[in-house]
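Q:
Number of protein chains: 2
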Amino acid sequence: MDEYSRDELTAAVLLALRESSGLGVLHSQAMAERLGVSATDLECLDIIAMRGPMTAGELARASGLTTGAITGLADRLERAGLAKREPDAEDRRKVMLRVTPAVEKKGAALAKPMHDAMAALLTDYDDNTLALLLDILKRANAAALGAIQTLRARPEPRRRSR
Amino acid sequence: MDEYSRDELTAAVLLALRESSGLGVLHSQAMAERLGVSATDLECLDIIAMRGPMTAGELARASGLTTGAITGLADRLERAGLAKREPDAEDRRKVMLRVTPAVEKKGAALAKPMHDAMAALLTDYDDNTLALLLDILKRANAAALGAIQTLRARPEPRRRSR
DNA sequence: CTATTTATCTTAGCAACTAAATTATATGTC
DNA sequence: GACATATAATTTAGTTGCTAAGATAAATAG
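Order-wise, the sequence lines are chains F and C. Just so we're on the same page, this note's numbering is the position in the first sequence counted from 1, plus 177. Just so we're on the same page, this note's numbering is the position in the second sequence counted from 1, plus 177.
(1) For my contact list, L314(C) and S197(F) are in at a C-beta cut-off of 8 Å; report their separation, rounded to the angstrom.
(2) State the Cα-Cα distance for the pair G234(C) and R270(C), rounded to the nearest angstrom.
(3) Of all the residues that make up the stretch 264-282 of chain C, which are near chain F by a beta-carbon distance shorter than 9 Å?
(4) For the 8 Å Cβ check, are there 3 or more pairs between the stretch 210-222 of chain F and the stretch 208-218 of chain C?
(5) Starting from V202(F), follow the beta strand (DSSP E) in both directions and report where the run begins and ends.
(6) Hey, which unbroken runs of the alpha helix (DSSP H) at 4 residues or more fall wholly within the stretch 238-293 of chain C?
(7) Would you say S215(C) faces chain F, with C-beta separation under 8 Å as the test?
(8) Counting pairs of Cβ atoms below 8 Å between the stretch 276-285 of chain F and the stretch 220-228 of chain F, do you hit three or more?
(9) Looking at C-beta atoms only, is the number of pairs between the stretch 189-203 of chain C and the stretch 236-255 of chain C that lie closer than 8 Å three or more?
(10) Since R393(C) meets chain F, which of its residues come closer than 9 Å, beta carbon to beta carbon?
(11) Would L222(F) pass as a contact of L254(F) if the rule is Cβ separation under 8 Å?
(12) So L311(C) contacts chain F; which residues on that side make the cut at Cβ distance below 7 Å?
(13) Comparing C-alpha positions only, which one of A209(F), L200(F), G199(F) and T306(F) sits nearest to A257(F)?
(14) Closer than 7 Å by beta-carbon distance: list the chain F residues that pair up with G234(C), in chain order.
(15) Can you tell me where the alpha helix (DSSP H) with T300(C) in it begins and where it stops?
(16) Taking C-beta pairs closer than 8 Å, name the residues in chain C that A209(F) reaches, listed in chain order.
(17) Exposed or buried, which one is S182(C) when buried takes at least 16 other CB atoms within 10 Å?
(18) Along chain F, in chain order, which residues have C-beta atoms closer than 7 Å to that of D304(C)?
(19) Please classify E267(F): is it buried, with 16 or more other beta-carbons within 10 angstroms of its beta-carbon, or exposed?
(20) For A320(F) and L309(C), what's the separation of their Cα atoms in angstroms?
(21) Taking the alpha-carbon of T187(C) as reference, which of R262(F), L250(F) and M295(F) has the nearest alpha-carbon?
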């Protein structure tokens with residue numbers, strides 16, 4: 178196990194993290210295919226499921242799509258029986274988007290292979306190791322978010338005419 | 178730190194892994210935007226960069242796209258100066274796709290914030306911890322791949338007419 | 001040489017996006 | 001209350017990038 182130098186070890190961890198990220202994408206795509214919606218649709222469905230019912234405009238901002246795109250997306254999710262529109266009692270211009278109970282069931286069933294595989298893997302480690310792993314993951318996620326924001330915000334040094 | 182029960186700890190780790198996967202997607206999107214190409218284009222560029230020069234047909238199979246889509250994709254990558262087509266000396270029907278040297282530089286520069294953030298984080302842990310982390314990640318990736326294949330292969334119980 | 005296969009490109013059509021215009025509702029001001 | 005402005009969602013027009021199918025060129029088999 179000690180065949181790695183410190184640098185190699187670091188590089189190997191970084192590579193594994195990157196691979197892990199790619200596998201996450203593949204899993205999302207497979208889930209979406211099973212549900213009969215696009216990856217974008219599933220991403221938005223996930224946002225609604227995580228944050229709770231929200232208006233079309235809020236979902237547009239949260240997903241980075243335009244409100245026009247959300248209209249079509251909401252149509253597709255409704256047609257697939259995964260979400261429904263509800264009029265807002267207080268502001269009749271608004272449309273609340275809410276996931277249907279079916280989503281919880283279908284989603285859990287489809288996520289089961291991954292969930293079970295990971296849960297099985299984690300049983301091999303003791304509580305202290307899991308706590309350490311959780312700590313590292315949390316810090317890595319926070320650092321990743323920061324890096325993404327840096328990347329987005331970075332002003333291009335010299336824009337080459339164009 | 179021991180505020181979690183075993184189940185809560187497991188659930189927290191699973192959630193952190195899922196979040197990590199989502200952040201990976203965001204990072205890819207931000208990278209693609211910086212490079213001035215779509216996420217799909219970057220994914221294919223990445224495939225070529227990782228596996229080395231390949232033909233359009235090989236890239237189609239590796240990416241899951243049709244050869245028709247690869248034609249347009251190769252046009253865009255060439256126009257962006259990220260890849261170039263080269264005639265194959267042995268089989269003149271083939272077109273080899275190769276990343277340009279510029280990609281290595283630009284890619285490394287754009288990946289720097291993430292790379293540095295992760296490298297900095299890892300300096301906080303000793304070699305044994307990193308080796309443990311690497312082991313867990315490798316096993317998690319293998320398990321994830323298996324779960325994805327299970328998900329894809331699962332025959333739909335009863336297809337509801339449609 | 002001719003037929004078949006293989007590799008890429010081209011064409012037509014489609015799905016999902018954006019930007020801008022439209023409709024409906026809410027809010028502020030006189 | 002009436003009017004102007006702001007806000008929320010939808011509709012419309014146009015773009016992009018995909019697939020499927022067909023065309024073209026080159027390799028290979030008989």
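By construction, the Cβ of each residue, glycine as well, lies at the ideal position given by its N, Cα and C atoms. Note that the structure is predicted; figures quoted are calculated from it, not measured.
A: Looking at the coordinates:
(1) 6 Å
(2) Rounded to the nearest angstrom, the gap between the Cα atoms of G234(C) and R270(C) is 11 Å.
(3) Residues passing the 9 Å Cβ filter: none.
(4) no
(5) No beta strand (DSSP E) holds V202(F); the alpha helix (DSSP H) holding it covers R183 to L212.
(6) You should have 244-256.
(7) no
(8) Taking a cut-off of 8 Å for Cβ pairs, the stretch 276-285 of chain F and the stretch 220-228 of chain F touch, as three or more such pairs fall below it.
(9) no
(10) No answer is possible for residue 393(C): the residues shown for chain C start at 178 and end at 339.
(11) yes
(12) L186, A189, V190 and A193
(13) A209(F)
(14) Result: empty, since nearest Cβ-Cβ is about 22 Å, beyond 7 Å.
(15) Careful: T300(C) lies outside any alpha helix (DSSP H) and carries neither H nor E.
(16) Going along chain C, no residue has its Cβ under 8 Å from A209(F), so there is no contact; the nearest lies around 11 Å.
(17) Of the residues assessed, S182(C) falls on the exposed side of the cut-off, its CB having fewer than 16 other CB atoms within 10 angstroms.
(18) R183 and L186
(19) exposed
(20) 20 Å
(21) Minimum Cα distance to T187(C) is reached at M295(F).
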